[in-house]
Every structure is written in structure tokens, then in C-alpha cells.
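J.: In my numbering, the protein residues as written are 505 to 1245. We treat Cβ as the ideally placed atom computed from N, Cα and C, and that holds for glycine. Fair warning: this is a prediction, and the values are worked out from it, not measured in the lab.
1) Among the residues of its own chain, which have a CB less than 6 Å from the CB of residue 924, if the five just before and after it don't count?
2) Compute the Euclidean distance between the alpha carbons of residue 963 and residue 582, then round it to the nearest angstrom.
3) Can you find the residues in the same chain that come closer than 6 Å, C-beta to C-beta, to residue 1192, ignoring five residues on each side of it along the sequence?
4) Which value, in whole angstroms, describes the spacing of the CA atoms of residue 1024 and residue 1185?
5) If you reduce the DSSP assignment to three classes, tell me which class residue 1079 lands in.
6) Let me check understanding here. Comparing Cα to Cα, which of 775, 621, 703 and 636 lies closest to residue 727?
7) Counting pairs of Cβ atoms below 8 Å between the segment 1014-1022 and the segment 564-582, do you hit three or more?
8) Assuming the contact rule is C-beta atoms closer than 8 Å, residue 993 and residue 978 should be a hit. Round their C-beta distance to whole Å, please.
9) Determine the closest residue to residue 834 out of 931, 1161 and 903, with distance taken between C-alpha atoms.
10) Please confirm whether residue 916 and residue 884 have their CB atoms less than 7 Å apart.
11) By the three-class DSSP mapping on this structure, what secondary structure does residue 1239 have?
12) Would a C-beta distance cut-off of 7 Å place residue 912 and residue 695 closer than the cut-off?
13) Taking the alpha carbon of residue 946 as the point to measure from, which residue in 751, 608, 973 and 1220 has its own alpha carbon closest?
14) With distance defined between alpha-carbon atoms, name the residue in 909, 918 and 768 nearest to residue 743.
15) To the nearest angstrom, how far is the alpha carbon of residue 566 from that of residue 576?
16) Does DSSP put residue 1172 in a helix, in a strand, or in coil?
17) Are there 16 or more other CB atoms within 10 angstroms of the CB of residue 754, so buried, or fewer, so exposed?
18) What are the complete alpha helix (DSSP H) segments, minimum 4 residues, inside the segment 607-688?
19) Am I right that residue 806 and residue 687 are in contact with their C-beta atoms under 8 Å? What's the rounded C-beta distance?
20) So, do the segment 672-686 and the segment 636-648 have three or more beta carbon pairs nearer to each other than 8 Å?
21) Once DSSP output is grouped into helix, strand and coil, what is the label at residue 789?
22) According to DSSP, is residue 1147 helix, strand or coil?
23) Since residue 953 and residue 1003 are thought to touch, with beta carbons under 8 Å apart, how far apart are those beta carbons, to the nearest angstrom?
24) Below 8 Å, how does it come out for the segment 788-797 and the segment 1171-1184: are there three or more Cβ pairs, yes or no?
25) Please determine if the segment 624-644 and the segment 664-671 are in contact, where contact requires at least 3 C-beta pairs separated by less than 8 Å.
26) Buried or exposed, going by whether 16 or more other CB atoms sit within 10 Å of the CB of residue 930?
27) What does a CB cutoff of less than 6 Å around residue 1168 pick up in its chain, not counting 5 residues either side in sequence?
28) Determine the contact status of residue 679 and residue 849, defining contact as a CB-CB distance below 7 Å.
29) For residue 1137 versus residue 1165, is the C-beta spacing smaller than 7 Å?
30) Would residue 738 and residue 887 qualify as a contact pair, given that the criterion is a beta-carbon distance under 7 Å?
31) Under the three-state reduction of DSSP, which class applies to residue 771: helix, strand or coil?
32) Once DSSP output is grouped into helix, strand and coil, what is the label at residue 577?
33) Looking at residue 1201: is its Cβ nearer than 7 Å to the Cβ of residue 1237?
34) Secondary structure at residue 1179, three-state DSSP: helix, strand or coil?
35) Sorted by chain position, which residues of the same chain lie with C-beta nearer than 7 Å to residue 709's C-beta, five sequence neighbours on each side aside?
36) Could you tell me which residues DSSP pairs with residue 1227 in its beta bridges?
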């Protein structure tokens, strides 16, 4: 049986890519170049490479279209998703200064606790199309589609169209990918740029051209401006693989790596240099830092603090190293990616990916140093292992959705490994490894589905049985007819993808909002491993509720407990799915389909209309925004143009909700956690004396929790002692233009 030219595989060897001319273009005499040059633009787009079967390019375009339709479905159900970032997007659409710095408000009081690159595409979309759920979230969807395209292109170059399609489908159907490519956190842009970097390194490994490696460095540098040091997690793997495997002399390799490093510094450092050199008195405070320094934020709260758990201004660290120790952010250890908190997000095909990675390296063990097939495994597999290892042992802030960073690497390894073993299926070790990968996927899929027994309880048995039957067929794939072997492979692919697809569809059907969101059905990601763990999305780290957050069935039944900011947060959230209370309402009063519930809608809502809670509004929590009622909006919008900020509130989520609801800047005292020393009491008094702030919103979250400044508490106490209190519905405001004495 001849398998090398099987259309399912069609592995591309170096003969597929003839040497380039000195100017970098294809050889002038190449037949493919001549044919391609005569093809019209649209025909070339639809037909693809001349050597490909006609169905290859339509299949690829169909994959991208299906991904786009899938991710756009029910998109507006999430409203403004994470109001923290949506408020910054709104600010950036109103002020170019806020756009550049990533300010939370157009008055430029404080920035978000990340660099601004991930905000820029959304802010530009809002400038063009106006503020809405779609203008905020569609750019994220487009990033998801682009990431699928990049992974397909990278795998397809060195392997086969079928391998690229498998990789793209695995990525698109990973639950956490379906979550985060429809959400407005920085992770979508980070995943795209990391995929681009891996693709460019693979290109550089093909011919040793410096430009590809420099562009890879530029992609990583720009990724730094999306999520700081997380962009550097894969650098050791990429640098080592290129340093060993590149098809040029060692001296040139070292020089190229130096140039790539310079590209990282320039593409990521220009913004940092501007911010650090800009006079602090005329720029916004750097949110998340304790001394108004982006470098401090990078290496502290967003850097080493994430690894060791010592994050100044945070709400608490995680488990210690070595596994078995738990903390606010879950247990650390080698099995963290598989536990009840993380497993349903990313790990469906992780056992198979590890098997296929080892098998791919075994298959290429006798290849030369510069073999690009082996180098591809090392690039994507090394990135997967490096990122997973850091995630498994980091003791600081860790959210389940961070694992979207693993999805492109995992998908590429699965596609490459499946194609490599299928190519060698006549060898017993390869067919056994392929069968083992399918068996692992089916068995682990059964385990993960069993963790949510109320969701599609019938699916786990067909997944397991189908996978085992397919694995049995794949054991003998080299001896079976081509049609029978293809049937076994197809059944194995379906069995492997059925379970994560079910979780993905569950993710798409419901909206997600707040600071902590997870994919899959209710109970799919529980901290602590059981019913006592934290709720989906809106739960406080570690499984409990933030102080003042309630567990009642209706909004307003909040538990006792004041925030350090000087107030309470009545009904700030439940413990159900994505922070929903048991009757299906979110902490913001939003029903799962995005319509306003009986107690009111999310602040601003998809169309910018505030919900209702009585006549005023309810206070938000640390992780979720507040409700903004019609009367509260009317109060804040009165004479709004006369003030830089219509109001100030402790904590960014609370401030963001009022800003989205009114469309006017609201100052977030203390940043996200209320722990940043900005503004100081003296600065706040001056803003009030200058008539720049109209109202202070009482009862905000944060206010010194985990910090040592106490700034928010002092401001709250001063306001309560000196200004007139105004109650609107259940919300309390202080008119800073009406002192009590």
C-alpha cells in the first residue's frame, strides 16, 4: 500500500518549497510560480496552491467561516462582558490620551492594570460604530478566526492540508477558546500574537532568513503590550529550538537571535519608554502599581507576584509550590491542568497531545539537525510544555480562562502528530501510538463529562465506546483497506472532538460577564473540587463570596460584611453560573439571554441603557459591576459637562458600570481592587475644591483590601463626614458640591 501520496496526508517535504532566488521570491522557473502569476485574485484565493487538490482551499475557507459563525452566535448575550475593560474601551473612543495610556476613564485618572494594546482594536471599533456589545466583542471574534487561520497555515506548511484542518478545528472547538475569543479580556490578542510568533519561527527554521525571526520578535514584543510578561513564557523554547536547529552557521544564529531580541525590545519597549518618561503629573496613574510605575506593575503585580503569590495590592495568593497546597487561586502542582477547576476548560485533548508530541519526536529521531518537521514539533510542543508548566505551579492570581494561551499550541501538536502517525501507520508503533491518542481522548472525555452529570448525561458512553472502537481499527490501520482505515480515523476524530464540542456549544448559548468567567455548563469548573467550590464566573477566588456578596435567590439579599472602602455591597452577587443567583439572574440582574431581569439589567446593557433596581441602582462587587437605574443615571447626567468626572467610586468595576451606564467619565478610586494609592486624600480634596467631581458613590468594593495605603478608606471617611448624602433607590451618593457644614 502506498501512503506517502495519500491526499489525506500529502506531507510537504523540502521539495515542496524550492530554494528561493536571492531577492527572496520563488525561483523564476518554478512551474507553480508561472501558473500562480496568471491566476486572477479571487480565483487564486478560492483555488489556493496549484499543487493542492481542489477541495483544500474551500475546506480551509469553510473552516474560517464556520468559526466566525460559531463565535458570532448569541454574542450580544454577554452585554459589555468585562465592564472593567469595556469602560476603558469607551474612554479610549472618547479621548486619544485615554486610548494611548489605556485609561479607565476619559478624564484620565487611572489606567487599567495592563498595557493598552488589547484595548486598541476595540476602541477603534467603538469610534467607528459607536458603543455596543457588538462593537466591543466582534474584534475579539475576528482575532479568534485569525488565530485559527494562523495555526492552520503553520501546520499545513510542513505537514498536510488535513493536518492543518484538524489543528484549526481543535482550536475552534476548545471550550476556553470559544469563551475568550468572544470576551474582551487581553487573552484573545495574546493568543493570536503568540501563534503568529510560532508560525514565524517555523518559517525562519525553513530557510534561516533573518526577517522571519525579527518579525517573530516583533510579534512577541507587541504581545507584551497586551499582557506583559506572559508573552515571554515561550521565549526559552523558541530561542533554544532556533539556536540548535536553524539551517545556518552558529555565529549567524546567535546574531539573528540578538536581532530578534532587539525587535522584542523595540516593539514592546517604545510604549513603556514613553510612559516612564512622561511626567507623572500629566498622565494617568498606572493602575495596579503602588508607586505609579509601569515597570513596577510589570515585574511586581503582573510579573513575579503571579509566580510566587506575593502581589502587593492583590486579593490574595494561591497554593504554594510542590502541589497539594491550595489557596485563593486553587491548588498548584503537575496535575493542575487536569483538576476539577481547569480540566473542562482546556484539557480534553491534552493527554492525546502529549502522546502525539512524543510520537512525533520519535518519528523524527533520525532526521538531521535542521529537519523542519522535528523543529515544528519542538516549537509548538515546547511552547505548550513551557506554558503549561508555569500555569501549573504559579502561586499567584490564576484564572481558569488563562489557559486559552495553551489552545493554539495544543491544536498544532494534535494536527501535526495525527498527520505524522497516519503517514507511518503501516509501522506497528505508529498505529499503536495513534490508537493510544484516540483512547486517551475518549477516556479523558468520559471523565470530564462525568464531572457534570446533569449536562448531556447520555454523551459520555458514546464518546468512550466510539473512541475505543476507533482505536481498535487504528491499531490495524496499516493492514486495512484505505476506506476502512479512513473510517476508523474519522470515528476517532469525532469521538475525540464530541465532548469538547458539547462544552463549547454550552459556552456559546449563554452570556458571560464579570471579571472571572469560565467555559462549559454549570459546575464544569469548580474551585476546591466539589459543590463547595467557587461559582462559575462571578465567584470570589477560593470558592467563597467577596465580603458583602450575598447568596440569596434575589438581588438585594446580600450578606453582611462591609468592604474596606467604607460601605457594603448589598446583593453584589450569587454563587451560581457566572455569578448568577439560583433563579437565573446575574449579579447585574441580567438574564442569560441578555434581557433585563425583573430587578434590572446590567449597567449600560448592550445598547447603553441602564437597568432598574427599584428606582436607583445597586452597588457592585469586586468582580462584578453595579446596576445603574434610570434615576441614578438622571442624577449623574445633570450638568455632566461641567465636571471632569460625574462621579467617583471605590473600585474599578463599580466605577466602570456607572461610566458605561451614563457615557460620562467616572473616577475609580484605588483602581481595580481599591488598593492603589490613587488619588491621595490631598489630591481628591483638590479635585473637589476645583469643582471637577460632582458625586461620590458610596459602598464601592475594594478600598485597601490587601494593600497598605488605606487611601480609599480615608477618602470614603472624609466624604461621609463632610458632604450631603443623596439616596436614589438602593444606591447612596454624596453631592461633593453640597458640604454639610
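T.: Reading it off the structure:
1) By one-based count along the chain shown, residue 924 stands at place 420. Answer for residue 924: 864 and 867, listed in chain order.
2) Counting from 1 along the chain shown, the entry for residue 963 is found at position 459. Counting from 1 along the chain shown, the entry for residue 582 is found at position 78. If I take the Cα positions, the gap works out to 27 Å.
3) For the purposes of this step, residue 1192 is taken as the residue at position 688 of the chain shown. Once the five neighbours on either side are set aside, the close Cβ partners of residue 1192 are 1240.
4) On the chain shown, position 520 is the one that residue 1024 refers to. On the chain shown, position 681 is the one that residue 1185 refers to. When rounded, the distance between both Cα atoms is 44 Å.
5) Counting from one through the chain shown, the residue named residue 1079 turns up at place 575. In this prediction, residue 1079 has a pLDDT of 33, which is less than 50 and means its spatial position is unreliable; what the coordinates show is noted afterwards. Note: residue 1079 maps to coil in three-state DSSP.
6) As a working mapping, residue 727 is identified with position 223 in the chain shown. Ranking the options by Cα distance to residue 727, first place goes to 621.
7) yes
8) Residue mapping note: residue 993 aligns to position 489 of the chain shown, counting from 1. Residue mapping note: residue 978 aligns to position 474 of the chain shown, counting from 1. With 8 Å as the limit, residue 993 and residue 978 qualify as a contact, their Cβ atoms being about 7 Å apart.
9) Position 330 of the chain shown, counting from 1, holds the residue named residue 834. Here the closest residue by C-alpha is 903.
10) Along the chain shown, read from residue 1 onward, the residue named residue 916 stands at position 412. Along the chain shown, read from residue 1 onward, the residue named residue 884 stands at position 380. Yes, the pair counts as a contact, with Cβ atoms nearer than the cut-off.
11) Counted from its first residue, the chain shown places residue 1239 at position 735. Residue 1239 falls in the strand class under three-state DSSP.
12) Your numbering for residue 912 matches position 408 in the chain shown. Your numbering for residue 695 matches position 191 in the chain shown. The answer is yes: Cβ separation under 7 Å.
13) Position 442 of the chain shown holds residue 946. The shortest C-alpha separation from residue 946 is found at 973.
14) Mapped onto the chain shown, residue 743 falls at position 239. Measuring from the Cα of residue 743, the nearest candidate turns out to be 768.
15) Position 62 of the chain shown, counted from the first residue, corresponds to residue 566. Position 72 of the chain shown, counted from the first residue, corresponds to residue 576. One C-alpha to the other measures close to 15 Å.
16) As a working mapping, residue 1172 is identified with position 668 in the chain shown. Note: residue 1172 maps to strand in three-state DSSP.
17) The residue you call residue 754 lines up with position 250 of the chain shown. Residue 754 is exposed by the Cβ-count criterion.
18) 623-633, 637-662, 665-676 and 679-684
19) In the chain shown, the residue the question calls residue 806 occupies position 302. In the chain shown, the residue the question calls residue 687 occupies position 183. Their Cβ separation, rounded to whole angstroms, is 19 Å, which puts residue 806 and residue 687 out of contact at 8 Å.
20) yes
21) As a first step, residue 789 is located in the chain shown; it is residue number 285 there, counting from the start. Residue 789: strand per DSSP, three-state reduction.
22) Residue mapping note: residue 1147 aligns to position 643 of the chain shown, counting from 1. Coil, per DSSP.
23) Within the chain shown, residue 953 is the residue found at index 449, counting from 1. Within the chain shown, residue 1003 is the residue found at index 499, counting from 1. With 8 Å as the limit, residue 953 and residue 1003 qualify as a contact, their Cβ atoms being about 5 Å apart.
24) yes
25) no
26) Locating residue 930 in the chain shown gives position 426, counting from the first residue. That one is exposed.
27) If you number the chain shown from 1, residue 1168 lands on position 664. Same-chain partners within the cutoff: 1144 and 1150.
28) Numbered from its first residue, the chain shown carries residue 679 at position 175. Numbered from its first residue, the chain shown carries residue 849 at position 345. For residue 679 and residue 849, yes; Cβs fall inside 7 Å.
29) Here residue 1137 refers to the residue found at position 633 of the chain shown. Here residue 1165 refers to the residue found at position 661 of the chain shown. Yes; because the gap between Cβ atoms is below 7 Å, this pair is in contact.
30) As a position in the chain shown, residue 738 is number 234, starting the count at 1. As a position in the chain shown, residue 887 is number 383, starting the count at 1. Cβ distance < 7 Å, so residue 738 and residue 887 count as in contact.
31) For this step, residue 771 is matched to residue 267 along the chain shown. DSSP places residue 771 in helix when its eight states are reduced to three.
32) Working through the chain shown from its first residue, we reach residue 577 at position 73. Coil, per DSSP.
33) By 1-based counting over the chain shown, the position of residue 1201 is 697. By 1-based counting over the chain shown, the position of residue 1237 is 733. Yes, Cβ-Cβ distance for residue 1201 and residue 1237 is below 7 Å.
34) The residue given as residue 1179 occupies position 675 in the chain shown. Looking at residue 1179 - three-state DSSP - the assignment turns out to be coil, as it is neither helix nor strand.
35) Counting from one through the chain shown, the residue named residue 709 turns up at place 205. The answer, listed in chain order, is 746, 749, 750, 876 and 879.
36) For the purposes of this step, residue 1227 is identified with residue 723 of the chain shown, where counting begins at 1. For residue 1227, which the question treats as bridged, DSSP gives the partners 1243.
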